[in-house]
Amino acid sequence: MSSSTIQEDLDEDVYHCDFTTASEWEIFIARLEEIIHEWKLSSSNANLLKPLKPGQLSSRNWVSKCENIMFADFQFSITRYSLTNEDDGETPESENLRDNDDENVKLQALEDMMHIDNDFIPVVYNDNISHPHVLARLYSLREFIVINPSSSAVAKYIAEESKIKILLSSICIAINNCSCEVPVFIQALEPWRNFHLGLCEGRGIRAEFEMVHLKKVPQDCKHLTGLLNVFKSRLGMMSGSEGEPVRVSAKFSYSLTDWTSYSWSQEPPNFELLQGEIGVEELGTLPFGASMEPVSELILHAVWPEFLETALVDSQAYSDLEPQRATNWFLSARMVDEPACLLSEYMFEILELCRSQHSMHEFLGDFMQQDSGPPLTTPFDVLTESKVPNIGKVIGQSFGHSRRDRSSRGPISNDMLMPILYFLFPDADNSQDSVRSPYPETIGNAMNREPNMAESTIGNGFKSAPIDGLVWRLAVVMAHAVHTLGGTKAAAHLWYEFCQELRFRWNNGIKIPGVAPGFPDLKMCLLNQKLQMLNCCIERRNAVTNAALASAKASGNSDESEEEEEEEEDDEFYDCAMSEEDVAKQTTVEKSKPIHSLWNRPVGRLCRHGNLKLLNSDEFLYIPITQEATPKTEDQIDEDAEVLLNLGSDIQGSELRTQLMSASLLSDIESFKAANPGAVLEDFIRWYSPRDWIEDKEPGEDGSVKGTLSSRMQIPGNPWLEIWSVAKPVPARRQNRLFDYTREAEKVLHRLDLSQPSDAARLLLCPLLHASLLRLVQQALPIEMPGLISAIKHISSKAETLFRVCEKDINRYAEICKEVAHAEAMIGQVASLEHKLCPGTGQTWQMKKFLSDLVVEPEVAVPGGPHSDIGKRIKSMFAEARRVVLMTNEADQDSSDGEKSKSKSSGLHGAIFPKPTEKEFILRVRAACQNSFLVMPHRLTVQLGPNGISMAGCFSQDTTFQ
408 MSSSTIQEDL DEDVYHCDFT TASEWEIFIA RLEEIIHEWK LSSSNANLLK PLKPGQLSSR
468 NWVSKCENIM FADFQFSITR YSLTNEDDGE TPESENLRDN DDENVKLQAL EDMMHIDNDF
528 IPVVYNDNIS HPHVLARLYS LREFIVINPS SSAVAKYIAE ESKIKILLSS ICIAINNCSC
588 EVPVFIQALE PWRNFHLGLC EGRGIRAEFE MVHLKKVPQD CKHLTGLLNV FKSRLGMMSG
648 SEGEPVRVSA KFSYSLTDWT SYSWSQEPPN FELLQGEIGV EELGTLPFGA SMEPVSELIL
708 HAVWPEFLET ALVDSQAYSD LEPQRATNWF LSARMVDEPA CLLSEYMFEI LELCRSQHSM
768 HEFLGDFMQQ DSGPPLTTPF DVLTESKVPN IGKVIGQSFG HSRRDRSSRG PISNDMLMPI
828 LYFLFPDADN SQDSVRSPYP ETIGNAMNRE PNMAESTIGN GFKSAPIDGL VWRLAVVMAH
888 AVHTLGGTKA AAHLWYEFCQ ELRFRWNNGI KIPGVAPGFP DLKMCLLNQK LQMLNCCIER
948 RNAVTNAALA SAKASGNSDE SEEEEEEEED DEFYDCAMSE EDVAKQTTVE KSKPIHSLWN
1008 RPVGRLCRHG NLKLLNSDEF LYIPITQEAT PKTEDQIDED AEVLLNLGSD IQGSELRTQL
1068 MSASLLSDIE SFKAANPGAV LEDFIRWYSP RDWIEDKEPG EDGSVKGTLS SRMQIPGNPW
1128 LEIWSVAKPV PARRQNRLFD YTREAEKVLH RLDLSQPSDA ARLLLCPLLH ASLLRLVQQA
1188 LPIEMPGLIS AIKHISSKAE TLFRVCEKDI NRYAEICKEV AHAEAMIGQV ASLEHKLCPG
1248 TGQTWQMKKF LSDLVVEPEV AVPGGPHSDI GKRIKSMFAE ARRVVLMTNE ADQDSSDGEK
1308 SKSKSSGLHG AIFPKPTEKE FILRVRAACQ NSFLVMPHRL TVQLGPNGIS MAGCFSQDTT
1368 FQ
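Residue 408 is where the sequence shown starts when you use the working numbering, and the numbers rise one by one after that.
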């Protein structure tokens, strides 16, 4: 390459060199302007919006938009906060406008900060995020922009004053170029300080937002007089005239933490103090409420909305700002974090028992070894005794020693145990003329007993147990045992006694009370299904026993009937639940006939099937007496399904699966053949499955209507055909039992006997949680707290889903219990506040709303102010707490003189209320600037607290004639 070519290339590079490259500072300003244009904030000709109504800054929703912006290598986030319109949810730009009829030029932000309707709005902090933004509270702004550092490193970068000035100057240039009248702030120093500096400029006015934070309060700034001097001196730097008087708004806060006689808590149940006379209400009701004071602090806010600086005096020597003379009173309540509540304690203790790894022998080793178990008895042993004997007598006879001596060695004493057992099994209490705690007359799947109450929608889909049934009572009593009667050992003892009572009732043919009749209800919990199964077994065995006795009585030979009954028990023959007369008649007829005639003569007929006749004869078709359906619990159904799935898909597995599934069909076919000799498969189908019998449209020549089997019944290898071909005519009472009540009862009892304390707690977990939710609803209804019932319904829906999971996930139950504990704590807090502020019955709707709002809202206005009944109660509480403090200080000789002098100098204020824990002032004034005719607003917000003083000021100046 020649030298001339190189020179041309160099000249070309120099010619294309861009000397107009923007600096990082200019790029930042350009990006800021771009964001302002995107958000459509460059509207300098907009009129003023309507003033906000009282409380709208906190009650209405806020929307925010956020973008990232870079300054050199540091990243910031720029966020726009704006108040929505309550009606249509849009931003303030869509609100109704009003004409600017004032001769002075005004900015929206400056006009908003001069209105008093949104002074002292409380700021709620959730996860270190304030709502509304702290700037909305300090300046009463409805719209503003905040530039935040994106990291701690960036926050350190803008902690220096020079860096802050660079950012403020950049903001000033951007908002002027865009004609943006929305205030723009930067957050400096550490984020927790909430230290913001900002600008608002437009229409010839510039407003500077400044802040001062001091840990030590200057002596001159502790009272209003000194703060007025500071405010006026700051205005004197820009103002050439005094202007109008300063308008002041004040708020004093007083803390109360000593409740003295106003303390409230709910005592837990103590059965030992009842001296054995435990009532139904104590045993059948779960305790509720906070066992300790749930309210930690009450804060009274005395507010003077607005007064002129010359109207009231607040100085070091004298103050007119006394709480009794305040215009408005507001109250805040601070609650104890996770207060101890009785109902939630019961639930969490049951959950801990569910996690226990200890066995029954570890809790009751010596106690269980001394019990050798009940002796074997025959069903006829109970004929000479009462059908429902006394529990104490029964167990005393079974175990060879008295009930009191045996139970006194257990974790639960006899005085406690006997009322509990009689509460669970009220039919066993023969010591009273009438049953003390009877079960409801009808116990079924009715989960609610009071349809007029809101809990009618709670628990409808729960896989629980009938309300006030045996399982329900057992769950409640088990919770009492764990919490009050001795912990996990008492729970193990109660479960052991419960299982012993079930075994005794099975041995003696006594039905279990408090359980719905019929087959196990799969919509109920597993324990309730097991007890229903046990009742079915007892009913079946009693039916067999009664039938045998009736047969013996009819034949006049009771000894022979006993031998037949025992032989029938050994051979596992089934006897249907027929009436005694039918059994006696059928037995007499069958004994008068030879045995071989049973295969040729009809046996086991129930009734005639209308006018339907057999196809191959003129005999009528009779409905046979069949074995009743086999009851099953949900775990048995799952086991059967698993067995069928594990048989495989080969030929042998399929045949075995068919046999298992066709056991009931074989029994019905045999009964049908015995009742209808000479019948064919088509006759059985016409009765058993009419849909598989297709009749001809036209009758035959003889006038009878004929038909054919359905296509599925004609498939070769059909199980129905095969079973019909091998089935023999055997009446139901001669068949092998499909339902072996003895084996099924022993399986139930064996499972319950082998259950460990943790297993028992898991079986009772669903009913106990159901009872807890209903107890929660009953306590929540009188409060009428908005959202509380809906929150309980949400908990109920979560519990309903969890109840239907077979495997109990204790962690998920613990989450629900935490939500129950939170709701219980809220109800306890309302009860405590009601005891303190407005005790008595007949609370008005206004009082109920005040109490419920006090729990969920940061501040609530006291109805009627300081002169209302609630105001008088608050004064009494402060006065009593003040007297306690003075009496305590007087006992201390070293500090008594100083305290007395302070109380005397403070007058009435010191006699009732202590020193305010926090003071807050808002100073406003409209003053003309130097060399300008414009009257511009100025504002100073001051917060005096135990952590120092914080000042946030907005000072305006004229940019045209400055």
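The beta carbon of each residue, even a glycine, is placed where N, CA and C say it ideally should be.
For residue i, the nearest candidate out of the options (CA to CA)
i, options, result
"Ser656", "Val710, Arg544 and Asp834", "Val710"
"Glu745", "Met825, Pro590, Gln1236 and Leu693", "Gln1236"
"Trp469", "Ala1134, Glu700 and Thr491", "Thr491"
"Gly1355", "His603, Lys622 and Ser489", "Lys622"
"Leu1073", "Arg947, Thr1033 and Asp1042", "Thr1033"
"Phe478", "Thr1348, Leu575 and Leu1019", "Leu575"
"Pro1353", "Glu1327, Arg1015 and Gly893", "Glu1327"
"His887", "Phe481, Gln1364, Pro675 and Pro1138", "Pro675"
"Cys761", "Leu1244, Pro1270, Ser1179 and Leu1171", "Leu1171"
"Ala1206", "Glu1041, Gly868 and Glu1129", "Gly868"
"Leu1159", "Lys937, Lys1225 and Arg1119", "Lys937"
"Pro556", "Leu548, Ile565 and Glu1153", "Ile565"
"Asp524", "Met1343, Ile1329, Gln1350 and Phe1340", "Ile1329"
For residue i, the residue or residues it bridges with in DSSP
i, result
"His538", "Val531"
"Asn837", "Answer by DSSP bridge pairing: none, since Asn837 is not bridged."
"Trp736", "Ala709"
"Met742", "Val702"
"Phe592", "Val553 and Gly605"
"Ser1357", "His620 and Gln1350"
"Leu1371", "Residue 1371 cannot be examined here, being either before or after the span of the chain that is shown, 408 to 1369."
"Lys1383", "Nothing can be reported for residue 1383, as the shown portion of the chain is limited to 408 through 1369."
"Trp469", "Leu490"
DSSP three-state assignment for residue i, whether helix, strand or coil
i, result
"Cys748", "strand"
"Cys587", "coil"
"Phe830", "helix"
"Thr491", "coil"
"Ile565", "coil"
"Tyr1029", "strand"
"Pro1136", "coil"
"Leu1013", "strand"
"Cys943", "helix"
"Pro598", "helix"
"Arg843", "coil"
"Trp1100", "strand"
"Ser1074", "helix"
"Ser958", "helix"
Counted within 10 angstroms of its Cβ, other Cβ atoms place residue i as buried (16 or more) or exposed
i, result
"Asp1090", "buried"
"Gly925", "exposed"
"Trp1252", "exposed"
"Leu715", "exposed"
"His1201", "exposed"
"Lys572", "exposed"
"Gln939", "buried"
"Trp671", "buried"
"Leu929", "exposed"
"Pro845", "exposed"
"Pro730", "buried"
"Ile1319", "buried"
"Met1358", "buried"
"Ile1122", "exposed"
"Glu568", "exposed"
"Lys1113", "exposed"
"Asp1365", "buried"
"Trp1127", "buried"
Any C-beta of chain C under 8 Å from that of residue i
i, result
"Arg947", "Here chain C cannot be found, since the structure has a single protein chain."
Inset, instruction - For the stretch 623-665, list the alpha helix (DSSP H) runs that are entirely contained and at least 4 residues long, ordered along the chain. - result: 631-643
Legend entry - Those runs of the alpha helix (DSSP H) which lie wholly inside the stretch 1213-1257 and span at least 4 residues: 1217-1244
Inset, instruction - Within the stretch 856-927, note down every full alpha helix (DSSP H) run reaching 4 residues or more, in order along the chain. - result: 877-890 and 895-915
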